[in-house]
Each structure stands twice: as structure tokens, then as C-alpha cells.
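One structure below.
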Amino acid sequence: MPFKWRGGNIWSPLEKRPVLGGTDSDGSLIYVGRAMHEGMYIPCKIIPTRNYAAVSYAGEEIPVEAFEYLSGKMKHFQWITAGDGHVVEGAVSAGDDNGEELYIGRAAHDGSVTVGKIHPSHKCLYMPYGGQEIPFHFYEVLVYRKRGIFTSSADGSSSESD
């Protein structure tokens, strides 16, 4: 299987190739996850060294205890610049909001690079940070490619080669 969502919680270590999403302002590593909230899977950030995970929802950062973390070989993932709700082919879907797919993204804020949810119809990424759900119109989207090597051109577009 190319990548997998594995069950976890804030008290257990992440095993079997967790996908790194960024770093918090204190230097803690942030991993890619999703959690059930209001009956829907929503992308979440996981910070194992602080026994913490959270989703962003309805304007707030909401801590969660149970989650699923993304597991796979990092060489098959790349962060690609996007904005205004756009995602690219191969974007990793991690949930939905009333039937609309939500994707994994990240953005830089206050000395961190934090994982959040890309909500296409809202034309932004929402980041759980500092107790709030913070919108960003420019962000990076997590993309999965089963084979090949990513290359990036000067104009910011991305392609795959074997």
C-alpha cells in the first residue's frame, strides 16, 4: 500500500514512518494526521513531544486525543506551493466537511510551519494555532507520487520524472 492512515493517540509514540509536516515555534516536530470531529475526519497537527494534537474547526483550535497519522515513505511526498483553495494532482485528502474533500496543507506562521486543512470552497488553508483557526490564502499542499522523482521549475510548477 502506498501510504496508510494508522491509529494513534497523544500518549502513544508514532511508529512506522510518520509523515513530517513541519515544526512548531519551539522547534517541536509536527506530523500529519486527521481526527474525527463533529462526525467528520478533519486534517490535524500532531506534536508527539508535547502529547498534543489539534484540528481547526469553526474558528477554533480544538485539541483531540485520538487521531490517525499519515504513514509512508517520505521520498513519495512533496510539499507544493498553492493558494486560494487550489490543490494539485496527487494532493492528499484527509477528510471532508459535509461532503467536500479537505486536503493536507501547511503554512508558516509565528516562527512555525504548521499543518492544517485546505478547504477548497473557502479558498484557503485553515491552521490550528494559538487557540484559533487561522486562514491562509497561500500555503503548501501535500502531494503523493507513487513513483518518480519530483522536480520543480523556475516558475513554481512541479513535474515528476522516472
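When we follow the working numbering, the leftmost residue of the sequence shown carries the number 4, and every step to the right adds one.
A virtual CB, placed ideally from N, CA and C, is assigned to each residue, including glycine.
- The beta-carbon separation of Gly36 and Tyr72, rounded to 5 Å, stays under the 8 Å limit for a contact.
- Straight across, the Cα-Cα distance linking Gly10 with Pro138 is about 27 Å.
- In the DSSP assignment, Asn12 is bridged to Ala69.
- Three or more Cβ pairs drawn from the stretch 61 to 77 and the stretch 16 to 25 lie within less than 8 Å of each other, which places the two stretches in contact.
- In the three-state DSSP reduction, Ser124 falls in the helix class (H, G or I).
- A Cβ-Cβ distance of about 11 Å is found for the pair Val22 and Gln81, leaving them out of contact under the 8 Å criterion.
- For the pair Gly133 and Ala85, the Cα-to-Cα distance works out to about 24 Å.
- Between Lys126 and Asp87, the CB-CB gap stays under 9 Å.
- Around Gly24, the same chain offers Ile33, Tyr34, Val35, Lys48, Arg109 and Val118 as residues with beta carbons nearer than 7 Å, after the five sequence neighbours per side are excluded.
- Ser115 and Arg53 have their alpha carbons spaced roughly 15 Å apart.
- Of the residues assessed, His122 falls on the buried side of the cut-off, its CB having 16 or more other CB atoms within 10 angstroms.
- Around the beta-carbon of Lys120, 16 or more other beta-carbon atoms lie within 10 Å, marking it buried.
- Look at Pro138 here: in three-state DSSP terms it is strand.
- The three-state reading of DSSP puts Arg148 in coil, since its state is none of H, G, I, E or B.
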